[in-house]
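Under the working numbering, residues 432 to 1383 are what the first sequence spells out, in order.
Using N, Cα and C, we set each Cβ at its ideal position, and we do this for glycine too.
None of these values were measured; they are calculated from a predicted model.
The structure appears right after this line, and notes come after that.
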Amino acid sequence: MSDSTNNNRDTQDKDKFRDTVFLPKTDFPMRGNLPEKEPVMVQKWQDIDLYAKIRHASADKPKWILHDGPPYANGNIHMGHALNKILKDVINKSWQMMGYNAPYVPGWDCHGLPIEWKVEEKYRNAGKDKDDVDPIQFRKECREFAQEWVDIQSTQFQTLGVIGDWKNPYRTMTKHGEAQIAREIHKFLHNGGLYRGVKSVLWSTVEQTALAEAEVEYKEHKSITVWVRFPVVETACEALKNSDIVIWTTTPWTLPSNRGIFFNNDIDYGVYEITEVADDARCKVGDRLAFATKLSDQIKEQAKIIAMKKVAEFKGTETEGTICAHPLRGQGYDYDVPCHPADYVTDEDGTGFVHVAPSHGPDDFVLGSQYGLEITDNVDNDGSFKAHVPLFAGLKIYDENGKMDAGNFAPLKAMDEAGKLLSKGSVRHEYPHSWRSKAPLIFRTTPQWFIAMDNELGLRETALQAIKDTNWVPAKGEARINAMIAQRPDWCISRQRAWGVPIALFVDKKTLEPLKDDAVLKRITDAFEEHGSDAWWSMDAQEFLGSAYNAEEYDQIFDIVDVWFESGSTHSFVVDDREDLGNGENKQVDLYLEGSDQHRGWFHSSLLESCGTKGRAPYKNVLTHGFVLDDKGYKMSKSLGNIVDPLKLMKQSGADILRLWTMTSDYAEDIRIGKDTIKNTSDLYRRIRNTLRFLLGAMDGFTASEKIPEDQYKDMPELEKLMLHELSQMDQKIRGHIENYEFGKLATMLHQFCNNELSSFYFDIRKDRLYCDDATSFERRATRTVMTHIFDCLVTWLAPILSFTAEEAWSQKPDGIFEDAQSIHLRDFPTLPESWHNADLAGKWDKIIAARKQIQEAIEPLRASKGLGSSLEACPVLYATADQKEALESVDMADICITSGFKIEEGNANIEITKAEGEKCNRCWKVLPEVTNHANHICNRCDNVVNKKQAA
RNA sequence: GGGCUUGUAGCUCAGCUGGUUAGAGCGCACCGUUGAUAACGGUGAGGUCGCAAGUUCAAGUCUUGCCAGGCCCA
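This is how it looks when you write it as structure tokens:
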């Protein structure tokens, strides 16, 4: 007989018996093809209004509320948005499936500068000036712009698989939102938190307006530098007597506003007596000058001093209490100029002494205020000196084109004439300019509205306590926000802008006190509720003031409120005011969840706002995630060209890949994304998908009658019971992780369960039973019953993460076995019977599994030497102690090791692999002696099954 | 410049209060299977735990410095 004849017979037999084997069958494809399927599913969820169905189905369950932080309605979503929204969705779905009613109301931040700019830009491009546009019209265009992006982002978020109330999100620009934000401001008016103060801001003399930091561009600018002498008039420092302190500045125009001198306690200073000077030097022999010793050579050269000697040394600390005269004393500048320490003063350049004009620099302002230095009001909106300024009234710092003007040169000249100018020069340095006009900017103090941190309201104290009362996840977030709240200055909430909610107040022109009449305030917010805050511009002031007050005696405030105050108020106008979230019970929500930057942003402003109005935090738990970086750990940026676009990624790989990536990363830290990570995630995804596919295939044709009744579970084989135990273990771990906000471990755990417990263990072992056993046998029914339980659990556990894939798998399940839910997302995690838990069994099987592992290792060398192919060709002999022998004999080790035979002998621990005796069964492929006796070359078991099948 | 923070195999992550040869999954290599088949099973090779000092009988784990990142400020 030739080989080919043999092969033919084998092939025929194989074909013959292949049809009698119960191979897995399912329409759930191996390949996900997610980019095509996901959008269809999103559409379906919208069509059936899945969100409403979930709400309806869980209406009676206890509420669990994650309150969404509003993204800014401007531009397409980026990876950070994707991470944030996916995380929220996974967490929310998890709690929902734990048996809670977890509504998700997405929101948007709609007011603010970036949108205002975009609209302004449109006007500029049309050759119009924003200031010429009617504010109502301007705001209308801003609103339309914002709404456009709300709609776009809404669609994009939904493609991520995020389920929420997309039909009815919250927005900071709705009429109710604006009205309630105004009410919140009024609460601070009543509780004493709100006050009017001044603040140092960057000011454009050309546009005559304050600029936000984001409107400022830093570029090179040539400034005048001057070294100026301040004669010491009073000092406890012996060295300083009869000398002049030398300061250095690049802004000569600030000298008329000088009110102090700062030094550094740690710097070494010297007093130098001039002994020889050049002809064109501005100082003379015998002058005594004080400055930092480290800078003496530099100053000597600059001042054209040929020779000088150090006559005294002193530490910065000794300078305390020294008082100087202004260089223009006798010409209207007769006040004292005190010296104070300041850490920011260095001896890197200049003189080691810094001149202080509290009105014209942020450091000057903050420290100057602390030392009680006068905040001058010398400079007008257009950059000219006000009329009360001696010598320089009317002179402008910059002209209308932003060029340096007499306001800079005149003080310099006056100093020189007074003999107080030591030297002058120029320097090129980075300097703030207007984004719009490109003109250089100046610092100027302007009146602004503040919320006090430390007055009778005690906001800082309340907030610090609220931080302690909140659960911060990860815990390090607490230290971060605590430091910020502990150190922050009063909250400046006013902006001189158009697109926002006005700080809707009237201020008495005479007393400068804001009007606190409730009737007036109510008329204002009622009008906002009806017309939106546009009413502040469109209605007449007298309409708000009513008959009790005369509009002419009041200033109407047109400043708008900081957008952080708006989003910080969402706990009020969203959480408290929406029935679906709220409960109207003034209750804290369960979770705020944002990036770690929000310790300064939303967590922070929400905390202050809520502490000010409610005396406690708006949240119980705060979860933070890190930032998305590129594959090397660098920040994504256009210039580096390393941006990963979530929309593109979804089109290439699918949202479920993105979702899985999020959850397998340690999102508490910054996370990386790149080619490798996506590849890795796709591989993980394939394994999970194939596990679902195998389960679906294994359940092919399963009906309720095949299912083992609950009361017979005790008779199931141990392996089946072990798997039920594994399920109950998983169930407990999963619930524990969710309750402790340890979502990072979930996806990894699920994947490893698919991989280890299922694919390489249970499925591999039970393939024989599924494929070859009698379909009606108790054992096969038990296996298939357990498969339905595994599927029931796994598909639901996966649903929060792989929302699309789980839904797809759910749609492929056999009928009549599972809960009748239209969508997987309408389900809860299955409640597993207590009886499934079986620690003793698990303990026993630990040993069995260890033995299995040893057998597998022992087979390997034979395979390598070609002594063996399939493990079914082997018959291991295990030598073990009597105890072990007993345990192993109680189970079918051949099945478990997927070998055709298995012998256990008493003896010293050892393993021998022998070849199984007999021939390969043409149906089940086991190598058994009995096969030889059958005409069809099949084993007894298979023969029975085939005969029974034919009879049926 | 300041506050907070990160750095463990090619990738994603574990490593509790310092204690035997640093773990897992993926990927990779090799083998098996060809009845989960663009799948499945097994075995194996990969790490001076960012670098350098120090504390200790003992450090990935504690201290200090440095390097490279990140967030928030200035």
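Taking the Cβ atoms as the reference, residue 690 lies roughly 7 Å from residue 799, within the contact range of under 8 Å. Within the stretch 743 to 779, the runs of beta strand (DSSP E) at least 3 residues long that lie entirely inside it are, in chain order, 754 to 756, 767 to 772.
Annotation: residue 727 to residue 685 spans about 25 Å, alpha carbon to alpha carbon. Distances from the alpha-carbon of residue 1178 to those of 1218, 1131, 1262, 1226 put 1226 closest. According to the DSSP assignment, residue 1054 belongs to no alpha helix (DSSP H) but to the beta strand (DSSP E) extending over 1050 to 1056. If you check the CB distance, residue 1228 and residue 1159 do not come in under 7 Å. Residue 1356 has its alpha-carbon roughly 8 Å from the corresponding atom of residue 1369.
Boundaries of the alpha helix (DSSP H) around residue 1292: 1270 to 1295. Residue 568 and residue 962 have their alpha carbons spaced roughly 14 Å apart.
Nearest in C-alpha terms to residue 509, of all of 1060, 524, 670, 724, is 1060.
Under the three-pair Cβ rule at 8 Å, the stretch 460 to 477 does not count as touching the stretch 497 to 505. Assignment of beta-bridge partners to residue 658 by DSSP yields 679, 854. Leaving aside the five residues that flank residue 600 on each side, the residues in its chain whose CB is nearer than 6 Å to its CB run, in chain order, 537, 538. When DSSP states are grouped into helix, strand and coil, residue 1172 belongs to the coil group. Between residue 698 and residue 1089 the beta-carbon gap is near 55 Å, outside 8 Å, which marks them as no contact.
For residue 936, the closest C-alpha among the options 930, 929, 945 is that of 945. The shortest C-alpha to C-alpha distance from residue 927 to any of 911, 909, 880, 1265 is the one to 880. Note: residue 738 is bridge-paired with 707 in the DSSP secondary-structure output. Check the Cα spacing between residue 589 and each of 1049, 477, 635, 559: the tightest is with 477. Bounds of the alpha helix (DSSP H) holding residue 556 are 544 to 556. Between the C-alpha atoms of residue 1106 and residue 1081 there is a straight-line separation of about 14 Å.
Residue state for residue 835 is assigned as strand, using DSSP reduced to three classes. The alpha-carbon of residue 1294 is positioned some 6 Å away from that of residue 1300. Between residue 995 and the set 615, 454, 1381, 521, the nearest pair of CA atoms involves 615. CA-to-CA, the gap between residue 781 and residue 668 works out to about 22 Å. The beta carbon of residue 664 sits closer than 8 Å to those of 754, 755, 756, 767, all from its chain and outside the five residues before and after it, given in chain order.
When DSSP reads this structure, residue 945 sits in a beta bridge with 938. Annotated three-state conformation of residue 927 is coil, per DSSP. Going by beta carbons, residue 1062 and residue 1103 fall inside the 7 Å limit. In the three-state reduction of the DSSP assignment, residue 919 falls in the coil class. Our two residues, residue 785 and residue 883, have alpha carbons roughly 30 Å apart in a direct line.
With fewer than 16 other Cβ atoms from the protein chains shown falling within 10 Å of its own Cβ, residue 860 counts as exposed. A direct Cα-to-Cα measurement between residue 721 and residue 737 gives close to 17 Å. Closest by C-alpha distance to residue 1086, out of 469, 1209, 1304, is 469. Per the DSSP secondary-structure output, residue 625 pairs in a beta bridge with 882.
For residue 1045, the uninterrupted alpha helix (DSSP H) run begins and ends at 1033 to 1045, by DSSP.
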